[in-house]
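S.K.: For the record, the sequence lines run as chains G and S.
Per the numbering used here, residue 6 is the first one in the first sequence, and the count goes up by one each step.
Per the numbering used here, residue 6 is the first one in the second sequence, and the count goes up by one each step.
All residues carry an ideal CB built from backbone N, CA and C; glycine is no exception.
On a predicted model such as this, the values are computed, not experimentally measured, just so you know.
Number of protein chains: 2
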Amino acid sequence: MSRSGLIIAVSGPSGVGKGTVLGAVEKALASSDPASVGRSISATTRKPRGEEKDGVEYYFKSTAEFEKLIADGEIIEYDMYCGNYYGTPAEPVRKMVSEGKVVLFDITIEGSLALKRFFPEDAVTIFILPPSMEELEQRLRGRGTEEDDVVRARLSQAKLEITRADEFEYIVTNRSVEQAEGDILSIIRAEMLKQSRHDETANNLE
Amino acid sequence: MSRSGLIIAVSGPSGVGKGTVLGAVEKALASSDPASVGRSISATTRKPRGEEKDGVEYYFKSTAEFEKLIADGEIIEYDMYCGNYYGTPAEPVRKMVSEGKVVLFDITIEGSLALKRFFPEDAVTIFILPPSMEELEQRLRGRGTEEDDVVRARLSQAKLEITRADEFEYIVTNRSVEQAEGDILSIIRAEMLKQSRHDETANNLE
């Protein structure tokens, strides 16, 4: 039985707890089969720092190489930050999916939607909501050192982002890490059972 | 937060273990919230037997009443057996879904597809496969007293039915009750998280 893998693209406002939840999901998947999970690695044109290795922290590319990938349609989404390109190359993701892996992305809204456009069959988009705006504000303040106006700016940004939740296929409310982790694991399990992803047809049953 | 419920229509060949798996699913759902599960009750024109009560084993209808329901488009699917109608009335299902219940159906292939046509937004169709045809044959023989030609006829019927698995939205292979139960519980949980079923929008978060 060979099934193709899945791309799980998770977005949500700053402070909603995406990183913690996705870490728990990755750990749960890896504990049943370490080979079943893939980690997406970004490409960048900035220089490696310290001990950073190509293909571990980032794929390090020259600007010419990066721009050729863009021109070839081989960069799923990219951005420029401090004069350097950062983006998601398609080929490593394509390879992990063909190996049947679940590839997890903690990514911007635009990044999730770009993944869905690039891999319409294999990508699943999930938006994480806070239980309430009060709770999100507490979590943002709980980070500690932020000034009031920084928290207010982040909250406004969060409200804007939340209005885009309906562009995603699934919506998970993060009431607790366990519940949000369970929701995402259920989505992954259910998506794997979709008829369109199933090749265990009548023919190979007989 | 009010969400509408779900209709889970499960089909599969005779001997595949649908009844056992759905029983386990119903028990699991009821153990976390008894009010969350609904049971579909068929309507029939046959007379009640023994202690049977209207609205418990069946909705007992006169032929005229049943035919009026058919004419009104209020019977989702029906069949005639030994001169009596048997069918699924729409109204009780509609009511349970509006109450947010998960309504489980152990139903024929045609019944599942009819439920999907009748409730395109709320119904989810699942086909249960045996791990292999050998395993299905063993399970059919394991029932005990059947003659060889009866088992052979059921196997031919099963093969025919299995070719229709690709008309369903999800395909679950019944390797064990626990695994198939877990698969169906994951499908239910994931379907509840679909953006289209979500009314916890940005507006009512603010």
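Within the 9 angstroms Cβ cut-off, does ALA195(G) reach chain S?
M.R.: At least one chain S Cβ lies under 9 angstroms of ALA195(G).
S.K.: Helix, strand or coil: how does DSSP classify PHE110(G) here?
M.R.: Here PHE110(G) sits in strand by DSSP.
S.K.: Along the chain, where does the alpha helix (DSSP H) containing SER16(S) start, and where does it finish?
M.R.: First-last for SER16(S): 11-16, but that is the beta strand (DSSP E), not the alpha helix (DSSP H).
S.K.: Count the other CB atoms, across all protein chains shown, that sit within 10 Å of the CB of MET85(G); report buried if there are 16 or more and exposed otherwise.
M.R.: Exposed, because fewer than 16 other Cβ atoms sit within 10 Å of the Cβ of MET85(G).
S.K.: Are the segment 127-141 of chain S and the segment 14-30 of chain S touching, with three or more C-beta to C-beta distances below 8 angstroms?
M.R.: Touching, yes.
S.K.: Of the residues GLU57(S), ALA128(S), VAL98(S), which one's Cα is nearest the Cα of SER201(S)?
M.R.: Among GLU57(S), ALA128(S), VAL98(S), the Cα nearest to that of SER201(S) is on ALA128(S).
S.K.: Which bits of chain S does ILE133(G) rub up against, with CB to CB less than 9 angstroms?
M.R.: Result: empty, since nearest Cβ-Cβ is about 11 angstroms, beyond 9 angstroms.
S.K.: Is there a C-beta anywhere in chain G that falls below 9 angstroms from the one on SER191(S)?
M.R.: With 9 angstroms as the cut-off, SER191(S) counts as an interface residue toward chain G.
S.K.: Under 9 angstroms, do ALA170(S) and HIS203(G) count as touching if we go by C-beta distance?
M.R.: Yes, Cβ-Cβ distance for ALA170(S) and HIS203(G) is below 9 angstroms.
S.K.: Kindly give me the distance between the Cβ atoms of ILE189(S) and VAL30(S), rounded to whole angstroms, as I take these residues to be in contact under 8 angstroms.
M.R.: With 8 angstroms as the limit, ILE189(S) and VAL30(S) qualify as a contact, their Cβ atoms being about 5 angstroms apart.
S.K.: Could you compute how far the alpha carbon of ARG180(G) sits from the alpha carbon of MET138(G)?
M.R.: For ARG180(G) and MET138(G), the distance between alpha carbons rounds to 12 angstroms.
S.K.: Residues in the same chain with beta-carbon distance under 7 angstroms from MET101(S), minus the five sequence neighbours each way, listed in chain order, please.
M.R.: Once the five neighbours on either side are set aside, the close Cβ partners of MET101(S) are GLY10, GLY43, VAL108.
S.K.: Show which residues of chain G have a CB atom less than 9 angstroms away from the CB atom of LYS100(S).
M.R.: Correct list: empty, because the minimum Cβ distance to chain G is about 26 angstroms.
S.K.: Of all the CB atoms in chain S, is at least one closer than 9 angstroms to the CB of ALA173(G)?
M.R.: Before going on, a small fix: residue 173(G) reads as Phe here, not Ala. Chain S, which has a Cβ nearer than 9 angstroms to the Cβ of PHE173(G), makes this yes.
S.K.: Give me the Cα-Cα distance between VAL26(G) and ALA195(G), rounded to the nearest whole angstrom.
M.R.: Looking at the two C-alpha atoms, the distance is approximately 18 angstroms.
S.K.: Might you give, ordered along the chain, the residues of its own chain that have their beta carbon closer than 8 angstroms to the beta carbon of GLY24(G), omitting 5 neighbours on each side?
M.R.: Cβ within range, chain order: ASP111.
S.K.: Which of the residues in the segment 74-97 of chain G, read from start to end, lie with their CB under 8 angstroms from any CB of chain S?
M.R.: Under the 8 angstroms Cβ criterion, the segment 74-97 of chain G contributes no residue.
S.K.: Would you say GLY187(G) reaches chain S, if we count a Cβ-Cβ gap shorter than 9 angstroms as a contact?
M.R.: Yes, GLY187(G) lies at the interface with chain S (some Cβ there is under 9 angstroms from its Cβ).
S.K.: Does the distance from the CB of LEU120(G) to the CB of ALA14(G) come in under 9 angstroms?
M.R.: Contact flag set, yes.
S.K.: For chain S, check one thing: does any of its Cβ atoms lie closer than 9 angstroms to the Cβ of LYS199(G)?
M.R.: Yes, LYS199(G) counts as interfacial toward chain S.
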